[in-house]
Amino acid sequence: MAPSVTENIILSATDKDVTLADRNTHATRVAGKDVDPEKKALFASVTKRIDYSPKIGTELHGIKLSQLTDQQSEELAALISERGVVFFRDQEDLDRKEHVKLGARWGPLHIHPLVPHDQESPEVIILDSRLNPPNRYNTNNSWHSDVSFEPAPASYSILKFDEIPESGGDTAWSNGYQLYDDLSQPIKTLLEGLTATHTSDIFRFFQANTGRKTFGKLNDSDHPIIRTNPVTGWKSVFTNSVFTREINGISAAESKWILEYLNDLVSKRLEYQVRFRWQKHSVAIWDNRSTFHTGVPDFRPYHRRGLRVTVSGEKPFFDVNSGTQAQAFEPIAEAIVSKQEAAEKSKEDAALQLA
Ligand SMILES: [Fe+2]
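Just so we're aligned, residue 1 is where the sequence shown starts under full-length UniProt numbering, counting upward by one.
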């Protein structure tokens, strides 16, 4: 039987938990920093690696997320930050308790101020297509980075669906590192000096329309537009179409123009994107500091229901001396070329031997 919509779900704050989300805090250490660059402990358990594109998205087989060692979970955090998003299949034993435990390895868990949560674990939010705002939130223009309105927004989000539509309902991610790397130098320099205000306006709008009580304060925060990912040390664009209201210190018209331009690149440039087809027991984990994502709203009249655990990261910062994914990719590209050349040479040698 399909799970009932309200099963174990707290839809709206009661008097006792109206300040639950006010306990949110920031990470005091950076998970995944300074690990073995080859991630040998993690890859010792991997039976198959599928890179969705050279610069974003990897599917790993052979890993049980409920059974990672401490070293493997640190190396996994680093891999997620490098690849933007990592996918897993067949994680049937990642129940709610294990889901929470996995997130807690990487930092304090975020309590969402408005989205419904699990009765026993307020850190587990319920993304149910029957409970979420129907239009505003499920449109083509809902590319975002989770809870970027918070003073310390999400580092990692861990998403698993327990109800999957018979067709449709993929999730797509877009690469913020590559978006930064492809900007021209004058635009990079301009954006590196600016901050933007991210707001909870979408939730205020939803609250006003539903009367649902919040679990805590709906925050607004200023963040640098170009952000350094503390794990990879790479620069990324950090504005999005759902939560970023305006760029500070320039005119409203200029702010609108720049934000629209960046949002357009996120949503329209297919070469920045990967798309994931969910199956029962699939899990996706992504780094919100350097990626954007959206659900694909093509699954109605089917429903989908997912459980998400969100890890609070550090207060966003920008270091002008940070590196970039483009620089880090140069030796990877060279290795790919050498591998291709070696494969071609061995084919030629084999052909010569046959001749
Ligand atoms: Fe999201």
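Cβ coordinates follow ideal geometry from the N, Cα and C atoms, glycine included.
Task: ligand 1 heavy atom lying under 8 Å from the CB of Ser157 - done: Placement of the Cβ of Ser157 at a distance of less than 8 Å from at least one heavy atom of ligand 1 is found.
Task: Sub-9 Å separation of Trp106 and Ala27 beta-carbons - done: Yes, they are a contact pair.
TODO: Check whether the Cβ of His293 lies closer than 8 Å to any heavy atom of ligand 1, and answer yes or no.
DONE: Remark: the shortest separation between the CB of His293 and any heavy atom of ligand 1 falls under 8 Å.
Open item on the list: I want to know whether the region 307 to 314 touches the region 111 to 131 - three or more CB-CB distances under 8 Å.
Closed with: In short, these stretches touch, since the Cβ pair count reaches three.
TODO: Classify Met315 as helix, strand or coil using the three-state DSSP reduction.
DONE: It should be noted that the sequence gives Lys, not Met, for residue 315. Correct three-state label for Lys315: coil.
TODO: Please indicate yes or no: does the CB of His26 lie closer than 8 Å to some heavy atom of ligand 1?
DONE: Every heavy atom of ligand 1 is 8 Å or more from the Cβ of His26, so no.
Task: Through-space distance from Gly323 to Val266, alpha-carbon basis - done: Looking at the two C-alpha atoms, the distance is approximately 21 Å.
- [ ] Take the Cβ of Trp257 as the centre, count every other Cβ of all protein chains shown within 10 Å, and call the residue buried at 16 or more, exposed below.
- [x] The Cβ neighbour count for Trp257, taken over all protein chains shown within 10 Å, is under 16; the residue is labelled exposed.
Task: Cβ pair residue 356, Ile9 closer than 9 Å - done: Missing from the structure shown is residue 356; the chain here goes from 1 to 355 and no further.
- [ ] Could you check how far apart the C-beta atoms of Ala31 and Glu75 are, in whole angstroms? I think they sit under 8 Å.
- [x] Contact between Ala31 and Glu75 is ruled out by a C-beta separation of about 10 Å, above the 8 Å threshold.
Open item on the list: Let me make sure I understand the geometry here. Which of Asp93, Arg96, Thr58 has the alpha-carbon closest to that of Ala78?
Closed with: Closest option to Ala78, Cα to Cα, is Thr58.
Open item on the list: Just to confirm the assignment: which complete alpha helix (DSSP H) runs, minimum length 4, are found wholly within the region 156 to 215?
Closed with: Within the region 156 to 215, the alpha helix (DSSP H) runs of at least 4 residues that lie entirely inside it are, in chain order, 176 to 182, 185 to 192, 201 to 210.
- [ ] Tell me whether Lys33 sits in a helix, a strand or coil according to DSSP, three-state version.
- [x] If DSSP states are grouped into helix, strand and coil, Lys33 belongs with coil.
Task: Arg136 - DSSP class collapsed to helix/strand/coil - done: Residue placement at Arg136 is poorly supported in this model, since its pLDDT is 49, which falls under 50; the coordinates are not used for a value here.
Open item on the list: Is Asp146 near ligand 1 - that is, is its Cβ less than 8 Å away from at least one heavy atom of it?
Closed with: Checking the Cβ of Asp146 against ligand 1 gives yes.
Open item on the list: Please state the DSSP three-state secondary structure of Ala328.
Closed with: Ala328 falls in the helix class under three-state DSSP.
Open item on the list: Just to confirm my understanding: we take Val296, look at its own chain, exclude 5 residues before and 5 after, and list those with CB closer than 8 Å. What are they?
Closed with: Counting only Cβ-Cβ distances below 8 Å, and skipping sequence neighbours, we find Gly168, Gly169, Asp170, Thr171, Ala172, Arg275.
TODO: Would you mind working out which of Phe87, Leu60, Ile111, Arg49 sits nearest Ala13, comparing C-alpha positions?
DONE: The shortest Cα separation from Ala13 among Phe87, Leu60, Ile111, Arg49 belongs to Ile111.
- [ ] For the region 69 to 149, list the alpha helix (DSSP H) runs that are entirely contained and at least 4 residues long, ordered along the chain.
- [x] As for any alpha helix (DSSP H) of minimum length 4 sitting wholly inside the region 69 to 149, the runs are 70 to 83, 96 to 104, ordered along the chain.
Open item on the list: Counting C-beta neighbours from all protein chains within 10 Å, is the total for Glu123 16 or more, i.e. buried, or is it exposed?
Closed with: By the Cβ neighbour-count rule, Glu123 is buried, with 16 or more other Cβ atoms within 10 Å of its own.
Task: Cutoff 8 Å; reference His315; Cβ partners in own chain excluding five residues on either side - done: Checking the sequence, you will find Lys at residue 315 rather than His. Closer than 8 Å at the Cβ level, and outside the excluded window around Lys315, lie His26, Pro151, Ala152.
- [ ] List the DSSP bridge partners of Lys39.
- [x] Paired residue(s): none; Lys39 is not in a bridge.
Open item on the list: Which residue marks the beginning of the beta strand (DSSP E) containing Asp222, and which one marks its end?
Closed with: Counting along the chain, Asp222 sits inside the beta strand (DSSP E) bounded by residues 221 to 224.
Task: Uninterrupted alpha helix (DSSP H) stretches inside the region 214 to 288 (no shorter than 4 residues) - done: You should have 252 to 268.
Task: Closest by C-alpha distance to Val85, when choosing among Leu194, Val100, Ile56 - done: In this structure, Ile56 is the residue among Leu194, Val100, Ile56 with its C-alpha nearest to the C-alpha of Val85.
Task: Span separating the alpha-carbon of Asp287 from that of Leu354 - done: Approximately 50 Å between the Cα atoms of the pair.
TODO: Determine contact between the region 243 to 253 and the region 338 to 351, defined as no fewer than three beta-carbon pairs at a distance below 8 Å.
DONE: Between the region 243 to 253 and the region 338 to 351 there are fewer than three C-beta pairs closer than 8 Å, too few to call the two in contact.
Task: Beta-carbon spacing of Thr244, Ser148 below 9 Å - done: Yes, these two residues count as a Cβ contact at 9 Å.
Open item on the list: For the beta strand (DSSP E) containing Gly295, name the first residue and the last one.
Closed with: Note, Gly295: beta strand (DSSP E), 291 to 295.
Open item on the list: Going by beta-carbon coordinates alone, are Phe88 and Leu65 separated by less than 9 Å?
Closed with: A contact, by the Cβ cut-off of 9 Å.
TODO: For the beta strand (DSSP E) holding Arg49, just list the boundary residues, first then last.
DONE: 48 to 51 is the extent of the beta strand (DSSP E) around Arg49.
TODO: Quickly, what does DSSP pair Ala342 with across the bridge? List them, please.
DONE: Note: Ala342 sits in no beta bridge, so no partner.
Open item on the list: My output table needs one value for Val337: the three-state DSSP class, helix, strand or coil.
Closed with: Correct three-state label for Val337: helix.
Open item on the list: Taking the alpha carbon of Lys16 as the reference point, which residue from Leu68, Ile285, Phe215 has its own alpha carbon closest?
Closed with: Selected option, being the one with the closest Cα: Phe215.
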